[in-house]
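Undergrad: The structure follows.
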Amino acid sequence: VIECAQYRRAMLADPHAEGPALSEHLAHCPECPGYRERLLRFEGRLTRALRIDAQVLPQSTQVLRKRVPRNERVRRNGWLAMAASLVVALLIGTLWLGAPHSSLAADVVAHMAGEPDAWARTDVAVPAADLAPVLAEAHMRLRPDAGMVSYAQSCLFRGHRVPHLVVQTDMGPVTVMVLVHETVATPRMFDEGGYRGTIVPVPGHGSIAVLIKGEQGDLAQVESVAARVKDAIVWTG
Amino acid sequence: MKDDVGGNVGKARFQALCQALRPDLLRFAFWLSRDLALAEDVVQETMLRAWKARDSLKSESAAKPWLLTIIRREYARTFERKRLATVDVDELIAREEPMLAAAHDQDLAELRAALFKLPEEYREPLVLQVLMGYSTTEIAAELGLSAGAVLTRLFRARKRLRVLCGEDTSMDPEDTPEDLSKDCES
Chain Z
1034 VIECAQYRRA MLADPHAEGP ALSEHLAHCP ECPGYRERLL RFEGRLTRAL RIDAQVLPQS
1094 TQVLRKRVPR NERVRRNGWL AMAASLVVAL LIGTLWLGAP HSSLAADVVA HMAGEPDAWA
1154 RTDVAVPAAD LAPVLAEAHM RLRPDAGMVS YAQSCLFRGH RVPHLVVQTD MGPVTVMVLV
1214 HETVATPRMF DEGGYRGTIV PVPGHGSIAV LIKGEQGDLA QVESVAARVK DAIVWTG
Chain G
4 MKDDVGGNVG KARFQALCQA LRPDLLRFAF WLSRDLALAE DVVQETMLRA WKARDSLKSE
64 SAAKPWLLTI IRREYARTFE RKRLATVDVD ELIAREEPML AAAHDQDLAE LRAALFKLPE
124 EYREPLVLQV LMGYSTTEIA AELGLSAGAV LTRLFRARKR LRVLCGEDTS MDPEDTPEDL
184 SKDCES
């Protein structure tokens, strides 16, 4: 037989604890049932307090992506600010001298180096809740016939945030960058830095870059994916 | 997960598994660290470490406790590596206010602030029990404590939390001897 203090200590350690001795005490004690009830109400609140809503938690579309630690981010941001100033100065200098700046394709290829995990071949789609905000930032939606999107990030590219998507296709993962701020007059094929692809114009909405990794890929297939994705874009603004 | 993790299917399954468990892992890391940005870093690093060590995961059903163990180690490593300074709890509460008050329920916000004030030795077993559904034995194994010591910490955690939340504690028993296991034997 246990006493009230023992019973309550056990309840405070685990309000859902059960057993013959505890039940026996509960059946015969005039005060402990009420105590248990209040404790269980408190436990319900405690459970809700600990279970922070999933919507409030930071989302991630790529769980195996290397994350830059906060301190490093701050440090990098400082370097980035310095680097950005330098780039601006260099750009002004370059324009001043009238020299051509790097090609759009080269910049797209250079961007790929920063997100190698995006190229995973997978059958796991990005949750719609993660994809939608990336697309919305570029005032667009994507119809399902674009293919399964396995990666979606809003990336800084040439001073603008642009959707960086990976679509899974029969030929493997294909990267699509929606470059609403970059206009090209005609489709431009490229094959550089280990990537092959095309940049196609999207009248009124800049262009899209579509590329595959590796030097053996079939560019005709890339063009076909580019056409499919382009057709699947629904512009909302 | 030993069957096909080396292939692409394995990676996809592993990612899907991590994606499904991520909210709970983030919650655990958040309550452990009381810092959302740090929790996010720890969880992300945990996923990468888990992927590298995936051969040691015997089955998908064991993934959650396995990942929680890695989170605890990774968090400890972060402490070791960065030598995190002792922080002012009120400052922490102010910084994480959007998370603590996210439920738009004053009661919950107060309870969350009270949880921030619990010492880690009480907060951690409480989170494992209430949020992760661990039994006393499982918590003891995870924390390297005896079952009695775990029960004592859980008792003290709730007792202190109730005081911090202004609950009526007039019927709460006095503090306990170090080993509560006899009281809780059932």
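Protein chains in written order, with the working numbering: chain Z, 1034 to 1270; chain G, 4 to 189. For each residue, glycine too, the CB sits at the ideal point set by N, CA and C.
Could you say which of G:168, G:153, G:141 lies nearest to residue 68 of chain G if we only look at CA atoms?
TA: In the second sequence, the residue the question calls residue 68 of chain G occupies position 65. Cα-wise, what sits closest to residue 68 of chain G is G:141.
Undergrad: Going along the stretch 130–150 of chain G in order, which residues come within less than 8 Å of chain Z, judged by CB to CB distance?
TA: Answer in chain order: 130, 132, 133, 134, 139.
Undergrad: Name the chain G residues that come within less than 7 Å of residue 1156 of chain Z, Cβ to Cβ?
TA: Here residue 1156 of chain Z corresponds to residue number 123 of the first sequence, with the count starting at 1. Those within 7 Å of residue 1156 of chain Z in chain G are 15.
Undergrad: Going by DSSP in three states, residue 1238 of chain Z sits in which element: helix, strand or coil?
TA: By 1-based counting over the first sequence, the position of residue 1238 of chain Z is 205. Coil, per DSSP.
Undergrad: Could you have a look at residue 1172 of chain Z and say whether DSSP puts it in helix, strand or coil?
TA: Position 139 of the first sequence, counting from 1, holds the residue named residue 1172 of chain Z. DSSP places residue 1172 of chain Z in coil when its eight states are reduced to three.
Undergrad: Is the number of C-beta pairs between the stretch 160–179 of chain G and the stretch 115–125 of chain G that are closer than 8 Å three or more?
TA: Segments in contact, yes.
Undergrad: Within the stretch 66–125 of chain G, note down every full alpha helix (DSSP H) run reaching 4 residues or more, in order along the chain.
TA: Whole alpha helix (DSSP H) segments, 4+ residues: 66–85, 92–98, 100–103, 109–120.
Undergrad: Check residue 1250 of chain Z in the structure and name its three-state DSSP category.
TA: Counted from its first residue, the first sequence places residue 1250 of chain Z at position 217. Looking at residue 1250 of chain Z - three-state DSSP - the assignment turns out to be coil, as it is neither helix nor strand.
Undergrad: Relative to the C-alpha of residue 1079 of chain Z, which candidate in G:23, G:134, G:16 has its C-alpha closest?
TA: Numbered from its first residue, the first sequence carries residue 1079 of chain Z at position 46. The shortest C-alpha separation from residue 1079 of chain Z is found at G:134.
Undergrad: Please confirm whether residue 1139 of chain Z and residue 1159 of chain Z have their CB atoms less than 8 Å apart.
TA: To locate residue 1139 of chain Z, count along the first sequence from 1; it is residue 106. To locate residue 1159 of chain Z, count along the first sequence from 1; it is residue 126. Going by C-beta atoms, residue 1139 of chain Z is not nearer than 8 Å to residue 1159 of chain Z.
Undergrad: Residue 93 of chain G touches chain Z at which residues, Cβ-Cβ below 9 Å?
TA: Along the second sequence, read from residue 1 onward, the residue named residue 93 of chain G stands at position 90. Near residue 93 of chain G there are no residues of chain Z at all, since even the closest Cβ is about 18 Å away, more than 9 Å.
Undergrad: Is the beta carbon of residue 1255 of chain Z sitting closer than 8 Å to the one on residue 1245 of chain Z?
TA: Mapped onto the first sequence, residue 1255 of chain Z falls at position 222. Mapped onto the first sequence, residue 1245 of chain Z falls at position 212. Yes, the Cβ-Cβ distance between residue 1255 of chain Z and residue 1245 of chain Z is below 8 Å.
Undergrad: What is the rounded straight-line gap between the Cα of residue 70 of chain G and the Cα of residue 1047 of chain Z?
TA: Within the second sequence, numbered from 1, the residue matching residue 70 of chain G stands at position 67. Within the first sequence, numbered from 1, the residue matching residue 1047 of chain Z stands at position 14. Taking the straight line joining both Cα atoms gives about 24 Å.
Undergrad: In this structure, how does DSSP classify residue 1134 of chain Z when only helix, strand and coil are distinguished?
TA: Against the first sequence, residue 1134 of chain Z aligns to sequence position 101. Residue confidence is low: residue 1134 of chain Z scores 38 on pLDDT, short of 50, so the model does not pin down where it sits. Its coordinate-derived value is still stated next. Reduced to three states, the DSSP call for residue 1134 of chain Z is coil.
Undergrad: Can you tell me where the alpha helix (DSSP H) with residue 1053 of chain Z in it begins and where it stops?
TA: If you number the first sequence from 1, residue 1053 of chain Z lands on position 20. It spans 1053–1061 - the alpha helix (DSSP H) in which residue 1053 of chain Z sits, taken as one unbroken run.
Undergrad: Is the Cβ of residue 1132 of chain Z closer than 8 Å to any Cβ of chain G?
TA: Taking the first sequence and counting its residues from 1, the one referred to as residue 1132 of chain Z is at position 99. Low local confidence applies: a pLDDT of 37 at residue 1132 of chain Z is under 50, so the model's placement there is unreliable, with the coordinate-based value given in what follows. No, its Cβ sits nowhere closer than 8 Å to a Cβ of chain G.
Undergrad: State the DSSP-derived secondary structure class of residue 1084 of chain Z, mapped to helix, strand or coil.
TA: Here residue 1084 of chain Z refers to the residue found at position 51 when the first sequence is read from its first residue. Three-state result, residue 1084 of chain Z: coil.
Undergrad: Smallest Cα separation from residue 38 of chain G: which of G:98, G:104, G:136?
TA: Here the question's residue 38 of chain G lines up with position 35 in the second sequence. Measuring from the Cα of residue 38 of chain G, the nearest candidate turns out to be G:98.
Undergrad: Any Cβ of chain Z within less than 8 Å of the Cβ of residue 57 of chain G?
TA: As a first step, residue 57 of chain G is located in the second sequence; it is residue number 54 there, counting from the start. It does not: the Cβ of residue 57 of chain G has no partner Cβ on chain Z nearer than 8 Å.
Undergrad: Pairing CB atoms from the stretch 49–60 of chain G with CB atoms from the stretch 142–158 of chain G, are three or more of them under 8 Å?
TA: Counting Cβ pairs under 8 Å, fewer than three are found: no touch.
Undergrad: In the DSSP output, which residue or residues are listed as bridge partners for residue 1187 of chain Z?
TA: In the first sequence, counting from the first residue as 1, residue 1187 of chain Z sits at position 154. Per DSSP, Z:1196.
Undergrad: Using a Cβ cut-off of 8 Å (strictly closer), state whether residue 163 of chain G contacts chain Z.
TA: Along the second sequence, read from residue 1 onward, the residue named residue 163 of chain G stands at position 160. Output row for residue 163 of chain G: interface = no.
Undergrad: Please confirm whether residue 1156 of chain Z and residue 15 of chain G have their CB atoms less than 8 Å apart.
TA: Within the first sequence, residue 1156 of chain Z is the residue found at index 123, counting from 1. Within the second sequence, residue 15 of chain G is the residue found at index 12, counting from 1. Yes, these two residues count as a Cβ contact at 8 Å.
Undergrad: Starting from residue 1221 of chain Z, follow its DSSP beta bridges and name the residues at the other end.
TA: To locate residue 1221 of chain Z, count along the first sequence from 1; it is residue 188. Z:1232, per the DSSP bridge assignment.
Undergrad: Should residue 111 of chain G be listed as close to the ligand SAH, given that the test is whether its C-beta is under 7 Å from any heavy atom?
TA: With respect to the ligand SAH, the structure offers nothing, as it holds no ligand at all.
Undergrad: How many whole angstroms separate the CB atoms of residue 1231 of chain Z and residue 1222 of chain Z, which I take to be in contact at a CB cut-off of 8 Å?
TA: Here residue 1231 of chain Z corresponds to residue number 198 of the first sequence, with the count starting at 1. Here residue 1222 of chain Z corresponds to residue number 189 of the first sequence, with the count starting at 1. Yes, they are in contact, since the Cβ atoms of residue 1231 of chain Z and residue 1222 of chain Z sit about 5 Å apart, within 8 Å.
Undergrad: Candidates G:60, G:75, G:145, G:102: which alpha carbon is nearest residue 13 of chain G's?
TA: As a first step, residue 13 of chain G is located in the second sequence; it is residue number 10 there, counting from the start. Cα-wise, what sits closest to residue 13 of chain G is G:60.
Undergrad: Quick check: what's the CA-CA separation for residue 65 of chain G versus residue 1224 of chain Z?
TA: Counting from 1 along the second sequence, the entry for residue 65 of chain G is found at position 62. Counting from 1 along the first sequence, the entry for residue 1224 of chain Z is found at position 191. The alpha-carbon atoms of residue 65 of chain G and residue 1224 of chain Z are separated by roughly 45 Å.
Undergrad: Do you know how far the Cα of residue 18 of chain G is from the Cα of residue 1227 of chain Z?
TA: Counting from one through the first sequence, the residue named residue 1227 of chain Z turns up at place 194. Counting from one through the second sequence, the residue named residue 18 of chain G turns up at place 15. Roughly 26 Å between the two C-alpha positions.
Undergrad: By the 7 Å beta-carbon criterion, what residues does the stretch 113–130 of chain G contribute toward chain Z?
TA: So the close ones are 114, 115, 118, 130.
Undergrad: Answer with buried or exposed for residue 1251 of chain Z, where buried requires no fewer than 16 other C-beta atoms within 10 angstroms of its C-beta.
TA: For this step, residue 1251 of chain Z is matched to residue 218 along the first sequence. That one is exposed.
Undergrad: Against chain G, which members of the stretch 1058–1070 of chain Z pass a CB distance test of less than 8 Å?
TA: Listed by position along the chain: 1064, 1068.
Undergrad: Provide the residue span of the alpha helix (DSSP H) that contains residue 134 of chain G, from first to last.
TA: Counting from one through the second sequence, the residue named residue 134 of chain G turns up at place 131. Where residue 134 of chain G is concerned, there is no enclosing alpha helix (DSSP H), given that its DSSP letter is neither H nor E.
Undergrad: Comparing the C-beta of residue 69 of chain G with each C-beta of chain Z, is any distance below 8 Å?
TA: Along the second sequence, read from residue 1 onward, the residue named residue 69 of chain G stands at position 66. Not an interface residue.
Undergrad: Could you tell me which chain G residues have their CB closer than 8 Å to the CB of residue 1038 of chain Z, listed as they occur along the chain?
TA: Residue numbering aside, residue 1038 of chain Z sits at position 5 when the first sequence is read from its first letter. Per Cβ cutoff of 8 Å: 176, 177.
Undergrad: What's the gap between the Cα of residue 1150 of chain Z and the Cα of residue 1208 of chain Z?
TA: Reading the first sequence from its first residue, position 117 is the one you call residue 1150 of chain Z. Reading the first sequence from its first residue, position 175 is the one you call residue 1208 of chain Z. Near 12 Å, if we compare the C-alpha coordinates of residue 1208 of chain Z and residue 1150 of chain Z.
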